[in-house]
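Only one structure is covered here, and it is reproduced in the block below.
Numbering (this note's numbering), first residue to last: -5 to 74.
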């Protein structure tokens, strides 16, 4: 099973980072208002970046690391 760490751009221009095992299903969930509480009020969301990992732990560690970045650093990550 693959695990993904992802970044979405919300309708208000903010960035949200999470992890999942199914990117397509997670994006549908976010856009249906059933995803994270943060994204519910900021629809629609658009997937702008993701990385894949072999373990849940790796994906969660990467999610945490990305969440520690400043917005400008996240934008640079997305653009590369």
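Ideal placement from N, C-alpha and C gives every residue a C-beta, glycine not left out. None of these values were measured; they are calculated from a predicted model.
Within the continuous beta strand (DSSP E) that includes residue 40, where are the two ends? The residue labelled residue 40 in the question sits at position 46 within the chain shown. Note, residue 40: beta strand (DSSP E), 40 to 47.
Could you tell me the distance, in whole angstroms, from the CA atom of residue 47 to the CA atom of residue 59? Counting from 1 along the chain shown, the entry for residue 47 is found at position 53. Counting from 1 along the chain shown, the entry for residue 59 is found at position 65. Roughly 14 angstroms between the two C-alpha positions.
What ranges does the alpha helix (DSSP H) occupy inside the stretch 6 to 33, keeping only unbroken runs of at least 4 residues that lie completely in it? 17 to 25
Using a Cβ distance threshold of 8 angstroms, determine whether the stretch 27 to 44 contacts the stretch 0 to 7, with at least three qualifying pairs required. yes
Report all residues from its chain with a CB closer than 8 angstroms to the CB of residue 25; omit the five preceding and five following residues, and keep chain order. As a position in the chain shown, residue 25 is number 31, starting the count at 1. Closer than 8 angstroms at the Cβ level, and outside the excluded window around residue 25, lie 37, 38 and 39.
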